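Mapping the sequence shown onto my numbering, position 58 (from 1) lands on 952, and the numbers just tick up by one. Ideal Cβ positions, reconstructed from N, Cα and C, are used throughout, including at glycine. Since the model is a prediction, treat every value here as computed from it, not as a measurement.
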Amino acid sequence: EHPVWNATPAITQSFRELAGTVEDWGRPHAVSRLATYLNQLFLSILDGWSGQRLRETPALTSRQRTVELFLQEVENNPAIGSEPWTIDRMAEQCGMGVTAFSKYCRELVNAGPMEFLNRCRLDWAARQLREKSGVSITEIALNCGFNSSQYFATRFRQRFQVSPSRYVSTAKK
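As structure tokens, this is what we get:
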């Protein structure tokens, strides 16, 4: 939750030495110098983190927050959402059991994990059907993580009350 950390003078110096090594790559022992300066940078970062006073906010470190961040990533990143997820794998990704993961999921999005995932996939598919006119419905379904065009069509009809092909034809008008 801290996107920016304060740099120390040692970190700044490490970056300068790394840049100098890259600029003078032809000098003898350039690889050894690079490794040494990288190690110095890592140690400086470790020292910098250790020296900063961090206050843990329970709301940001809770199990519910972990699930919330995971669900946001699934919702906002079609590449992640189209992976072959199972409830077990989702729960494992969040470092918890299936029951706890499912409970937090229902609290956060008012849906079970697989229902939420399918909803996200259908929303991505609908967006692609509107925007990509030359791509087949089956190809869009497969790209969004559905294994079968028939299952996709059934779920799409349930969500949008119209078939994917009719959705495409009305979106073009």
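Beta-carbon within less than 8 Å of residue i's beta-carbon, same chain only, minus the 5 sequence neighbours each way: which residues are those?
| i | result |
| --- | --- |
| residue 964 | 984, 987 and 988 |
| residue 923 | none |
| residue 942 | 899, 900, 901, 902, 904 and 905 |
| residue 996 | 981, 985, 1006 and 1007 |
How would you call residue i, buried or exposed, if buried means at least 16 neighbouring beta carbons within 10 angstroms?
| i | result |
| --- | --- |
| residue 900 | exposed |
| residue 915 | buried |
| residue 975 | buried |
| residue 929 | exposed |
| residue 1065 | exposed |
| residue 925 | exposed |
| residue 859 | Absent from the structure is residue 859, since the part of the chain shown begins at 895 and ends at 1067. |
Leaving out five residues before and five after residue i in sequence, what residues of the same chain have Cβ atoms less than 6 Å from its Cβ?
| i | result |
| --- | --- |
| residue 958 | 998 |
Just to confirm, is the Cβ distance from residue i to residue j under 9 Å?
| i | j | result |
| --- | --- | --- |
| residue 1008 | residue 981 | yes |
| residue 1023 | residue 972 | no |
| residue 908 | residue 938 | yes |
| residue 934 | residue 904 | yes |
| residue 1016 | residue 1053 | yes |
| residue 977 | residue 920 | no |
| residue 1046 | residue 1020 | no |
| residue 968 | residue 932 | no |
| residue 1027 | residue 1062 | yes |
Any C-beta of chain C sitting closer than 9 Å to the C-beta of residue i?
| i | result |
| --- | --- |
| residue 1039 | Although the question refers to chain C, the structure presented lacks it and comprises just one protein chain. |
Tell me which same chain residues have a C-beta within less than 7 Å of the C-beta of residue i, skipping the five on either side of it?
| i | result |
| --- | --- |
| residue 927 | 915 |
Legend entry - Minimum length 4: unbroken alpha helix (DSSP H) runs contained in the region 917-999: 924-945, 952-955, 957-970, 972-975 and 981-987
Inset, instruction - List in chain order: all unbroken alpha helix (DSSP H) runs of 4+ residues lying wholly within the region 1015-1049. - result: 1031-1037
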